[in-house]
Structures are given as structure tokens and as C-alpha cells.
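Working notes, beginning with the structure itself.
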Amino acid sequence: MRYCKTCKIHYDTDLEHCMFCDGDLEISKDDKSTYKFKEATKKPKSNFFYRLFIFLNIISILVSLAIDYVGGLPLTWSLIVSSTNIYTIVLLAILVNPNFWASKFTKIMIATILVVVLISLSLRDHSWAVGIVFPLAIASTIFVLTILIITNRKKWFDYFASLFIITFIGLVPGLLILLDALDIIWPSLVCFSYSAITLLGIIFLPSKNSREEFKRRFHI
Amino acid sequence: MKKRKYWYKLDNAAKIFPAVSKDDRSNVFRLSFYIDEIVDSEILEQAVNKILPRFETFAVQMKNGLFWNYFAENHRHFKVEEEPAEVCKYFKSIRNSGFMFKVYYLDNKITLETFHAISDGTGALQFLKSIVFQYFKLRGFKLDHEHLILSELPYSKKESEDNFVSNYDKNNKLNLKEEKAYHLSGEKFHQHWVLVYKIRLNTKALIDIVKNKYHVTVTQYVTALLAYSIYKETVDFVGHKKPLKIFIPVNLRPYFDSVTLRNFTLYIKSTYTSEKNDWTFEEMLKLTKSYFEDQLDKHKLHGRINALVGFEKNAWIRTLPLILKQIAFKVGYNLLGESINSCSISNLGICKLPKDLEDKVIDADFVNAGYGIAMTLISIKEHTNIILSSPLKDLSVMSYFTKMLVDEGLTVVADTNYKEDYDEIL
Numbered sequence: 188m189r190y191c192k193t194c195k196i197h198y199d200t201d202l203e204h205c206m207f208c209d210g211d212l213e214i215s216k217d218d219k220s221t222y223k224f225k226e227a228t229k230k231p232k233s234n235f236f237y238r239l240f241i242f243l244n245i246i247s248i249l250v251s252l253a254i255d256y257v258g259g260l261p262l263t264w265s266l267i268v269s270s271t272n273i274y275t276i277v278l279l280a281i282l283v284n285p286n287f288w289a290s291k292f293t294k295i296m297i298a299t300i301l302v303v304v305l306i307s308l309s310l311r312d313h314s315w316a317v318g319i320v321f322p323l324a325i326a327s328t329i330f331v332l333t334i335l336i337i338t339n340r341k342k343w344f345d346y347f348a349s350l351f352i353i354t355f356i357g358l359v360p361g362l363l364i365l366l367d368a369l370d371i372i373w374p375s376l377v378c379f380s381y382s383a384i385t386l387l388g389i390i391f392l393p394s395k396n397s398r399e400e401f402k403r404r405f406h407i
Numbered sequence: 306m307k308k309r310k311y312w313y314k315l316d317n318a319a320k321i322f323p324a325v326s327k328d329d330r331s332n333v334f335r336l337s338f339y340i341d342e343i344v345d346s347e348i349l350e351q352a353v354n355k356i357l358p359r360f361e362t363f364a365v366q367m368k369n370g371l372f373w374n375y376f377a378e379n380h381r382h383f384k385v386e387e388e389p390a391e392v393c394k395y396f397k398s399i400r401n402s403g404f405m406f407k408v409y410y411l412d413n414k415i416t417l418e419t420f421h422a423i424s425d426g427t428g429a430l431q432f433l434k435s436i437v438f439q440y441f442k443l444r445g446f447k448l449d450h451e452h453l454i455l456s457e458l459p460y461s462k463k464e465s466e467d468n469f470v471s472n473y474d475k476n477n478k479l480n481l482k483e484e485k486a487y488h489l490s491g492e493k494f495h496q497h498w499v500l501v502y503k504i505r506l507n508t509k510a511l512i513d514i515v516k517n518k519y520h521v522t523v524t525q526y527v528t529a530l531l532a533y534s535i536y537k538e539t540v541d542f543v544g545h546k547k548p549l550k551i552f553i554p555v556n557l558r559p560y561f562d563s564v565t566l567r568n569f570t571l572y573i574k575s576t577y578t579s580e581k582n583d584w585t586f587e588e589m590l591k592l593t594k595s596y597f598e599d600q601l602d603k604h605k606l607h608g609r610i611n612a613l614v615g616f617e618k619n620a621w622i623r624t625l626p627l628i629l630k631q632i633a634f635k636v637g638y639n640l641l642g643e644s645i646n647s648c649s650i651s652n653l654g655i656c657k658l659p660k661d662l663e664d665k666v667i668d669a670d671f672v673n674a675g676y677g678i679a680m681t682l683i684s685i686k687e688h689t690n691i692i693l694s695s696p697l698k699d700l701s702v703m704s705y706f707t708k709m710l711v712d713e714g715l716t717v718v719a720d721t722n723y724k725e726d727y728d729e730i731l
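Right, dumping it as C-alpha cells:
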């Protein structure tokens, strides 16, 4: 045991000076004071490179927009650069953030579809992105998640939320067909039908497990 | 029987924690036992995994629903780790096999750090006692549990009950409007490091002073002592527009006949105006005592439970998708959550152990890393540990607090996670 004469505090740790007055501690002959915590070490600022990455992307967006704007024509290539800059930031955030692979995969697919649509809008021709890429990418994601669930049945409830969200998004092409907003219809028809069948399958092919999972996920 | 499928809705206290927790606001608290031998990490891991199925409310992982988070069963193997340097460190459950608690070992110390969403101090203490008891059983010791170790007793469904909801009465609701509180400010340690300063006192000597000299309880005494130390040692409190508000969690189990291991605590508060510039310790103590007597009333506590549960039962809130609720929680908590209290004091009371285990447990720590200064108390064997933790580098309040105890004639034995060379790195 150690002792501070000034503060009249006994110390049961191996400090040499009092925490408060910084005076030397008296150390008794039978002193067995030990440090009972793991020693702290200086750590590098872990998010510096992440911040630098975001900063450089923002600079890239601003510079591109400024140069394109100065050209006097409607913005085109700078919007593509900006979209991809934002996409890389989002992609990094998804990859860095710990989550289930199914969830990461779904988020990456959604982000990719969005950036493709943004690029097509920048090019003033969205028909290929909205009419082909969007429905086929969603249908592929549903397919991959379905395979994951079938092959890894033990973890099916980890993939359930992703599958449920993506099948709902898969119904959007059907809405676009109804609104007559598409030039090419068949990919959207495929995606809508596949999503609807999957969703109906989830709802109307109930095992005890899926009923339970519904109850959990939708409790209010 | 070992259950394969179970799930729980988050209790009222737990609902906000997943949305608002981060590196500098972990909402994690620590309980440690120092035992009479160096911990064998493999046996410790076996012990945790052996008793985990008995503690259904701990063997869970958090899932997202459409409207609320929920706890689902978690049958993964739990891994113990060596204790890190940071106390009550924020962790992501997905990196911990989905579990929302950590079990650490360091020399002769077994530490349980629990995310507040799954349990409070009382529930976590039951879990830690069972881990340590099981550890010694696996080490080959024959111990009598004396009906004090939960893992040795039959499981009751009541242990998993949400007692906020089970005690809800919509006809008795109290108004929960809170004014903002004074905050301690100053330079913080780097890397979200929290200083832990432990004061060990002889329980009998402490109670002698508290009961015979001041005629109050230990919690009332330390609350007033902390308030007075802040009043004396801060330069911006007097004349500050906001009052000093100390929050004290109250274990509701004795009031509502509960044995739940889930959260079942509510805060009472002790408020001291900053407009008065001639406070004496005795005045603060008298005021503290009156606050406690006024608020520790079953009817009033029930009214507050009802108001809190009533809020979550509101149809509009219930039907709001989880993602919007999480944004609302974050914004609401940043605007109000931390601003309504200055610091907190949590007294876990006496840690009662069976005689055979008491011989093997040397000491216990209870740490709650909160905003400003967080104080915790736990009594074990013949001594009481008062632990003050703070992310702030200024130690003047802790120093004055200790001086007051020394001036009362108490023998103060201090311990800390601070080291002299930390000024260079933290």
C-alpha cells in the first residue's frame, strides 16, 4: 500500500505520485500494490484515411461541377463524376460497417442500381437504366438471396429482411409499366412477376418458422 | 429444458439504446469480480457457455423489425476476451457473435460488460455471480450455492418478463417534463478513454457516519457529497442558468415484486439551484433527503412507468417504421437526452454471495461510464467501493469528494486505471 501524506489517501495501485496533489507517495516496506487494468497505448487516429477519402471525393465533385459549369453547357460529365464519387463513398461505408453479407450485398446492389440510374439521367437517356438494368439487377439479387436461403437454411432468418425489402423494390417495375413510363417492358415484367411470386411464396408457403419470423419482424 | 426458439420485444428502457449508442456514449456498464487466483480463460469460456442457455435474456441477438428492434435467440458459441484498456468500451454486437455483453479476464479479474439494452445492474450482477460460481465448479471446487446463485435455481418465466409493460396502467400517468441541467465541461481524454477512480471504504465506518451523524442513507449522503463537491470545485456553476441535476437509478423490483433480469429501473433526481451562492453541505444533504423521500413513492414511480410506457403505446409512434423511429431517437436524444442531467449515481447495494464463493472473491467493481461524472457504489464483504468515472481530465471534483470523506475520519484506499505516463498518450 502507498500513502499520500498531503491528501491522506492510501493507494492500492503502483502510482508513484498522488493523482491529485502530484506529491511523492510513501511506499511501505510490505508494498504489494499492483496495477489492475490493462495498460493503454497510443492508437493512431483510425478514421483519418476514411475522412481523407471523403474529403478528396467532395473536392472531386466540386471541381468537376465547377469546370463543367464554366463550360456554359448543361451539366453532363460532371454529374457522372459526382455520382460515382458519391457511390464510392457509400460503397466504402457499406463495406466498413459490420453487417451480414446478405445485407451488405443487398445494399451494394441497391446503391449500384441508383448510381446507374443517376448516370443515365445525366446522359439524358434513362430508358436503358430504368427499363433494363434496374429490373434485371433486382431480379438477380432476389435470385441470389433465394439461393443463399436455400443453401444456408440455418441462417435463413438473417437473410429474411434483405429478401423481403428487395422483393418489395422488385414490385416497382410493375408500377412503372402501369404508368406507361417504360420503352422496354419485358425485363420489368420478368422482375415484377418474379418478385410477386417470391413475395407470395414467403406469405403463402408458411412453415412454422416463417410464420414466427413474420410475427417477430412485424410486431408493433 | 433448453429452448431453441424464443424472442423478446425490447423493454421500455432498452428501446432507445440501440439508436443512440456510439463510441463516446457506449451505454455499457461494467461489473468485475477479483478472485483469489489467476483466471483460466478456457475454463471461464466454458463456464459462460454452460450457464448461457439458463439466462435467456442474455443469450440473445438484436434484430431489426419493420416497426421495432427485437431480441432473437442466439445459440452461437460465446468467446471470452482479454480485458481491454478502455473501460465500458462501445462494441458492435455483430463483432461479438451477436451477443450484447462481453466477458473479459485479466490476471485475477473476471469482468462482465453489458450493453444496457439487455439488462440493468441487478440483472447483470446475477449473471456475473453465476459465471463466477460456475467457473469455480468447473475448476473442481464443491460450493454450496445457498440459493443465492441463479444458475443453480430453476428457471422462472418471470425472469424474462417486461415489467414496465406488465405494470402499465393508463389511468395513472405523471407529467415527465424536464428542464435542462448544468454540465461539467473541460478537456477530455483522447480515444474515448474514461478515467476510473475507485475509493474503498469500510462499510461499517461509512454507515456509522451516515446513520448516526447525518441520519440519512448512504446514497443520499454520496449524492449530496457529489453535489457539494461540484458546487465547491467548479467556477461556472454559481450564476449558471441551469441547475445541477443528479440522476439516481432506482431498482424497481422491490416496489413491484419483480424478479426480472431485464431492465427495470427508473431515475429519480436531485436538483440544486445555481442561483444560490452560499450552499452548505448540510443544506444540500437536507434537500437531497427530501427529494428521495418525495420521489421514492410507489404511486409516483408507477405514474412515471405509465407515462413512459404510454408514450411507446401511442398508435402513431408504434406504426412509425423503425428507420424513422431511430432517426427520431437520435435527434431527440441529442437535443434532450444528455442535457437533462449533470451526472448520475448508481448504488448496486450489497453484493451477497454464498459463503463458499465469498471466500474466493476478494473484491468487486461496478463502473458506469456516463456523461460528466458517473458514480457507482457496490458493497462486498466488509467494504464499500465508490467508483467515480469521467471522460474529463479535470480531477478537482474527485479530489474534493475524497477530501470530504477523509475529513469525516474515514480511511480512504484509492485505486485507479490511470498511470503517470498517460498524460503523454491520452
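Protein sequence lines correspond, in order, to chains Y and P.
In terms of our numbering, the first sequence is numbered consecutively and its last residue is 407.
In terms of our numbering, the second sequence is numbered consecutively and its last residue is 731.
We treat Cβ as the ideally placed atom computed from N, Cα and C, and that holds for glycine.
Partner residues on chain Y for tryptophan 498(P), Cβ-Cβ distance less than 9 Å:
Under the 9 Å cutoff, chain Y gives Ala227.
Residues of chain P with CB under 7 Å from glutamate 213(Y), in chain order?
Simply none; closest approach about 14 Å.
Serine 471(P) at chain Y interface by Cβ criterion, 7 Å
No - not a single Cβ of chain Y is within 7 Å of the one on serine 471(P).
C-alpha distance - lysine 594(P) paired with glutamine 525(P), whole-angstrom precision
Answer to the nearest angstrom: the Cα atoms are 6 Å apart.
Near isoleucine 196(Y), which residues of its chain fall below 8 Å by C-beta distance, leaving aside the five closest residues on each side in sequence?
Tyr190, Cys205 and Phe207.
Let me see if you follow: with CB-CB separation under 7 Å, is valine 672(P) close to chain Y or not?
So no, valine 672(P) is outside the interface.
In terms of DSSP beta bridges, what is proline 554(P) paired with?
BP columns for proline 554(P) point to Tyr572(P).
Here's the rule I'm using: 16 or more other beta-carbon atoms within 10 Å means buried, otherwise exposed. How should lysine 274(Y) be labelled?
The question names lysine, but residue 274(Y) is tyrosine in the sequence shown. Tyrosine 274(Y) comes out buried.
Taking one C-beta from the region 540-554 of chain P and one from the region 445-452 of chain P each time, how about it: are there three or more such pairs within less than 8 Å?
The region 540-554 of chain P, when compared against the region 445-452 of chain P, does not touch it at the 8 Å Cβ threshold.
Would you call the region 312-320 of chain P in contact with the region 365-379 of chain P, where contact means no fewer than 3 C-beta pairs closer than 8 Å?
Output reads yes: the region 365-379 of chain P touches the region 312-320 of chain P.
Under the rule that 16 or more other beta-carbon atoms within 10 Å means buried, what is isoleucine 436(P), buried or exposed?
Counting every other CB atom within 10 Å of its CB across the protein chains shown gives isoleucine 436(P) a total of 16 or more, marking it as buried.
CB contact below 7 Å: glutamate 388(P) versus chain Y:
Glutamate 388(P) counts as touching chain Y.
Using a C-beta to C-beta distance shorter than 9 Å, which residues of chain P count as neighbours of tyrosine 198(Y)?
Val718, Ala719, Asp720 and Thr721, listed in chain order.
For the region 376-404 of chain P, enumerate the residues whose C-beta is nearer than 8 Å to any C-beta of chain Y, in chain order.
Within the region 376-404 of chain P, the residues whose Cβ lies closer than 8 Å to any Cβ of chain Y are, in chain order, Ala377, Glu387, Glu388, Pro389, Ala390, Glu391, Val392, Lys397, Ile399 and Arg400.
With H, G and I counted as helix, E and B as strand and the rest as coil, what does DSSP make of phenylalanine 406(P)?
When secondary structure is reduced to three states using DSSP, phenylalanine 406(P) falls in the strand class.
Could you tell me how far apart the beta carbons of tyrosine 577(P) and methionine 703(P) are, in whole angstroms, since I believe they sit closer than 8 Å?
Not a contact, Cβ separation roughly 18 Å.
Answer with yes or no whether the minimum CB distance from histidine 313(Y) to chain P is below 7 Å.
Not one chain P Cβ lies under 7 Å of histidine 313(Y).
Comparing alpha-carbon positions, which option in Lys414(P), Thr416(P) and Asn646(P) lies nearest isoleucine 573(P)?
Considering only alpha carbons, the answer is Asn646(P).
Looking only at its own chain, which residues have a Cβ that is under 6 Å from the Cβ of serine 694(P), when we skip the five neighbours before and after it?
Cβ within range, chain order: Val499, Val501, Val672, Ala674 and Ala679.
Going along the region 265-297 of chain Y in order, which residues come within less than 7 Å of chain P, judged by CB to CB distance?
Correct list: Pro285 and Asn286.
Please report how far the alpha carbon of leucine 280(Y) lies from the alpha carbon of methionine 367(P), in whole angstroms.
The question names leucine, yet the displayed sequence has alanine at residue 280(Y). One C-alpha to the other measures close to 21 Å.
By the three-class DSSP mapping on this structure, what secondary structure does threonine 385(Y) have?
Reduced to three states, the DSSP call for threonine 385(Y) is helix.
Could you name the residues of chain P that arginine 404(Y) contacts, counting a contact when the two beta carbons are closer than 7 Å?
Taking a Cβ-Cβ cut-off of 7 Å, the neighbours of arginine 404(Y) in chain P comprise Gly370 and Leu371, given in sequence order.
Can you give me the start and stop residues for the alpha helix (DSSP H) that glutamine 351(P) sits inside?
Going by DSSP, glutamine 351(P) is part of the alpha helix (DSSP H) stretching over 346-356.
So, does the CB of arginine 330(P) fall closer than 7 Å to a CB anywhere in chain Y?
No, arginine 330(P) lies away from the interface with chain Y (no Cβ there is under 7 Å from its Cβ).
Return the residue from the list Asp728(P), Ile423(P), Ser649(P) and Trp312(P) that minimises the CA-CA distance to leucine 489(P).
Comparing C-alpha distances from leucine 489(P) to each of Asp728(P), Ile423(P), Ser649(P) and Trp312(P) shows the shortest one belongs to Ser649(P).
Closer than 7 Å to chain P by CB, phenylalanine 347(Y):
By this cut-off, phenylalanine 347(Y) is not an interface position.
Going along the chain, which residues of the region 308-337 of chain P sit with their C-beta nearer than 8 Å to a C-beta in chain Y?
Correct list: Lys310, Trp312 and Lys314.
With a cut-off of 8 Å on the beta carbons, I'd call cysteine 393(P) and phenylalanine 334(P) a contact; round off their distance for me.
At roughly 6 Å, the Cβ-Cβ gap stays under 8 Å, so cysteine 393(P) and phenylalanine 334(P) are in contact.
Determine the closest residue to threonine 427(P) out of Leu731(P), His688(P), Asn652(P) and Gly544(P), with distance taken between C-alpha atoms.
It is Asn652(P).
Jot down the residue ranges of each uninterrupted alpha helix (DSSP H) in the region 409-496 of chain P, minimum 4 residues, whole runs only, in chain order.
Whole alpha helix (DSSP H) segments, 4+ residues: 426-443 and 468-471.
Residue-level contact to chain Y via CB, isoleucine 730(P), 7 Å cutoff:
True, the Cβ-Cβ gap to chain Y drops below 7 Å.
Taking CB distances under 7 Å as the criterion, tell me whether isoleucine 407(Y) reaches chain P.
A Cβ of chain P is located within less than 7 Å of the beta carbon of isoleucine 407(Y).
Measuring CA to CA, which of Lys355(P), Ser534(P) and Lys516(P) is closest to leucine 700(P)?
Cα-wise, what sits closest to leucine 700(P) is Ser534(P).
So which residues on chain P does phenylalanine 224(Y) lean against when the C-beta distance must stay under 8 Å?
Here the neighbours are Glu388, Ala390, Val392, Leu411, Val501 and Asn722.
For the pair the region 501-519 of chain P and the region 397-406 of chain P, tell me if three or more CB-CB distances fall below 8 Å.
Result no; under three Cβ-Cβ pairs closer than 8 Å.
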